[in-house]
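Here the structure comes first, spelled out in structure tokens, and everything after it is commentary.
Chains as they are written, first to last, in the working numbering: chain A, 1 to 439; chain B, 440 to 878.
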């Protein structure tokens, strides 16, 4: 009887799998309605191509050319097993903190399908071949070419396929080709991610536009994904680098999908200096504050899009922690909640299981006192004074959990430290995507 | 067309869910063939009952009576939001380190269905009522009664239902009732977990027997589950406590299912002193080494059974790390691998995705050098010198991953630190169990 049932269930599941394979690739239900209209940034052009790195007939290489006079800032994964492209980017960044007038063009070359990580000495051979190839076709120095690779770890990058595509890429360069560039760097992403802002600095209009990829292996430290942002602001490299580092802490370091950290995470910010303005040469320049606000807007938008495209995501979760002993403590408590599989599965099941939030606060290692905790789902007061709130009803909690964007707020009740992080729920689709990625 | 397909898929899935509900509750495929025959421990008796804490007609309360003259050791969760029963156990333990001759009976009362955690002042009221109830029926002091509760967080424990069951429990006490006791404390466990050992200490036979529950919310610090072990060894409390603490680090602190830490974890070890031997009063006593070996065997067996019953587990994973900078570093690298959702889903998918192992080493925060790492799946050399091993074939890796017990070995190549931890894979069933636990 039980065996009959089991074989019937297996047959039905096989039929489901067959039918699902016929469906178009799903797009995250949390995706924005459309890719935004990104402004062109004076001095930057993009191109993309299908080089066949892993799959045929799918755009998988992106080239960005940044005109003479720009400065470049960057932040990279802190993984101790970071990839050859990341290590070379770090070298290039350290070598190019000089004044922009000394410089030539910059270029960024990104491929999807293969991460060129843990590929021994061949990893550097591939990066160096690509840097020299780009330098030759663009007429710039090889160490001014930044490359990123994303995809499978441990397989040699077939870089000659990308080299073959370089002339075509250069011929296709265009300031408006951002969407195609954003699409070429996608792996398990279900939608391309772009964001932009415009700001006036002392009356001079400045533009910021960028795109990102990432949907799994997403956790701090740092972006755990690939992000490229461009602006025409005129600024010195050290100031730009400091701003990027600070805003990264507020944005990309505040998202997590699965707590896993990539070997390849790269965030680059190029400033072309084409805006008609006096250079920002000092962090205390009053324009820095305005610029940071807009840059943070773009970075947070991209970071949230990555969380929205978390593998298998059906709900976006914002975790707000206040009242902790410090900002760092608040961040660690928030991340403990955001990374808890039990919290994430409860949200997937639309279960207002606030006991799991208490558990996650308790395991964070940060100071907390049961009787001072206050927990809210959205505006609903759920728990306070060490127990469920008298006004809370399970029905109110259950109704709230049906929403596609969930806010979990925890006030620790100790001091003023606060932090906000974003993640997504943990669903069957995450298992489906990751139990079967390489085959 | 796509909408037709989707509704057909939804209908099939509904049918699958309906049929699955008719199946008997599944038992982990990694469960031992049978519950072991546990030896009776002189001085300890057990009883269980169905008190209706949460579900009807399901044994959910266990009472253990430990005769006069015993000593008790314990280790508890380090969660900062630990439950009222855990806090009371800690108080009782601190108050009972005196010589056994000063003492009376000990008792352990455990219920499943409700964790009595985050229940405000009512949490202590419940614990105290139960302690006094047990003290009255057994004729012992209330503070010599240890209680544990496991199940849902945040709901008041209906302790009067348990009080009603106390007389029946006392009437049913029997030294052989270990299996029923182990079953009464199960929550999402799919099988009861028991283990035992016998050892001769200077020619005197000593017995150790214990049982455990736990299958989700399993991560260090410490056992993140409930474990009760009994022995007739004659030993002083401080020596027993030190031994328990040390062996806990080697056993229950080396397993993880989901990286989540419970508010209720409790490990108690009672030594009745009934063995006919001179007391072990000093840690340097040569018998300590032999006793530790046997206790470690029992504790490791129980710990591995918990990993085997990890929610949704289809494969047991042993992670062995050698060559790290220290034992602590090795443990943290091993836990980083064992807690990685990407590693765990790869194992579920029988995918020899060693790149994800590299990723998990890299994110651990411990020192590692890409070119010194050596990775093995079982006896198969997979990667060395910063890249895939020349002898490795994808086919060999894929064949190995079909086994139900997987060993992942990582040699960091730096120093002598080593550690071994156990976990299970991350499957659809974990999502199923946890997205729907409370309803």
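Ideal Cβ placement from N, Cα and C applies to all residues, glycine included.
Are the C-beta of residue 861/B and some C-beta of chain A separated by less than 8 Å? no
Cα-Cα separation, residue 223/A to residue 512/B: Interpretation of residue 223/A is limited by its pLDDT of 32, a score under 50 that renders its predicted location unreliable; the figure taken from the coordinates is listed afterwards. Roughly 46 Å separates the two Cα atoms.
Does residue 661/B come within less than 8 Å of chain A when only Cβ atoms are used? Reliability of the predicted coordinates at residue 661/B is poor, the pLDDT of 33 falling under 50, and the value obtained from them is presented with this limitation in mind. Output row for residue 661/B: interface = no.
Helix, strand or coil at residue 391/A [DSSP, three-state]: coil
So with CB distances below 9 Å, who are the chain A contacts of residue 592/B? 353, 354, 355, 356, 358 and 359
Within chain A, partners of residue 459/B - CB distance below 7 Å: 9
Where do the N-terminal and C-terminal ends of the beta strand (DSSP E) with residue 666/B fall, by residue? 665-670
Quick one: measure Cβ to Cβ for residue 129/A and residue 159/A, integer angstroms, because I've assumed they're closer than 8 Å. 5 Å
Measure the Cβ-Cβ separation of residue 546/B and residue 525/B and say whether it is below 8 Å. no
Answer yes if the segment 727-740 of chain B comes into contact with the segment 825-833 of chain B, meaning at least three C-beta pairs across the two stretches below 8 Å, and no otherwise. no
What are the boundary residues of the alpha helix (DSSP H) that includes residue 491/A? Residue 491/A is absent from the model: chain A starts at 1 and stops at 439.
Alpha helix (DSSP H) segments (min. 4 residues) lying fully within the segment 244-331 of chain A: 286-308
Chain A contact for residue 755/B (CB, 8 Å cutoff): no
Run the CB neighbour count on residue 494/B, radius 10 Å, all protein chains shown included, and call it buried at 16 or more, exposed below. exposed
Span of the alpha helix (DSSP H), counted from its first residue to its last, around residue 408/B: Residue 408/B lies beyond the residue range present for chain B, which begins at 440 and ends at 878; the question has no answer from this structure.
Can you give the Cα-Cα distance for residue 380/A and residue 77/A, rounded to whole angstroms? 37 Å
Write down every uninterrupted run of the beta strand (DSSP E) in the segment 7-93 of chain A whose length is 3 residues or greater and which is fully enclosed by it, in chain order. 44-49, 61-66 and 71-76
Could you work out which residues of chain A lie near residue 551/B, taking near to mean beta carbons separated by less than 8 Å? Here the premise fails: no neighbours, minimum Cβ distance about 15 Å.
Spatial neighbours of residue 681/B within its chain, please: C-beta separation below 8 Å, excluding the five flanking residues on both sides. 722
Thinking C-alpha only, which one of 386/A, 429/A, 317/A and 12/A is nearest residue 255/A? 317/A
Cβ-based contacts, 8 Å cut-off: residues of the segment 805-835 of chain B near chain A: 805, 806, 807, 808, 809, 810, 812, 822, 824, 825, 826 and 827
If I'm right that residue 518/B touches residue 363/A with Cβ under 8 Å, what's the distance once you round it to whole angstroms? 6 Å
For residue 163/A, which residues from the same chain have a beta carbon less than 8 Å from its beta carbon, with the 5 sequence-adjacent residues on both sides left out? 129, 130 and 133
Taking only three categories from DSSP, how would you classify residue 878/B? Per-residue confidence for residue 878/B stands at a pLDDT of 39, beneath the threshold of 50, marking its modelled position as unreliable; the derived number appears in the next sentence. In the structure shown, residue 878/B sits in coil (DSSP, three-state: anything other than H, G, I, E or B).
Are the beta-carbon atoms belonging to residue 664/B and residue 651/B less than 8 Å from one another? yes
Whole-angstrom distance between residue 252/A and residue 220/A, CA atom to CA atom: Its pLDDT being 35, under 50, residue 220/A is placed unreliably by the model, and the measurement read from it follows with that caveat. Cα-Cα distance, rounded: 7 Å.
Whether residue 173/A touches residue 46/A by CB criterion (8 Å): yes
Just to check my reading of the structure: residue 458/B and residue 8/A have Cβ atoms closer than 8 Å, yes? What is that Cβ distance to the nearest angstrom? 6 Å
Suppose only complete runs of 3+ residues qualify. What are the beta strand (DSSP E) ranges in the segment 341-411 of chain A, listed by chain order? 374-377, 380-384 and 405-411
Give the residues of chain A in contact with residue 763/B, contact being defined as C-beta atoms less than 9 Å apart. The contacting residues do not exist; residue 763/B stays about 12 Å from chain A at best.
Option in 773/B, 500/B and 798/B with minimal Cα separation from residue 860/B: 773/B
Check this for me: beta carbons of residue 43/A and residue 10/A, under 8 Å apart or not? no
In whole angstroms, give me the CA-to-CA distance for residue 279/A and residue 40/A. 21 Å
From the DSSP output, read off the bridge partner residues of residue 862/B. 756/B
Might you give, ordered along the chain, the residues of its own chain that have their beta carbon closer than 8 Å to the beta carbon of residue 606/B, omitting 5 neighbours on each side? 576
Roughly how many whole angstroms lie between the Cα atoms of residue 839/B and residue 821/B? 11 Å
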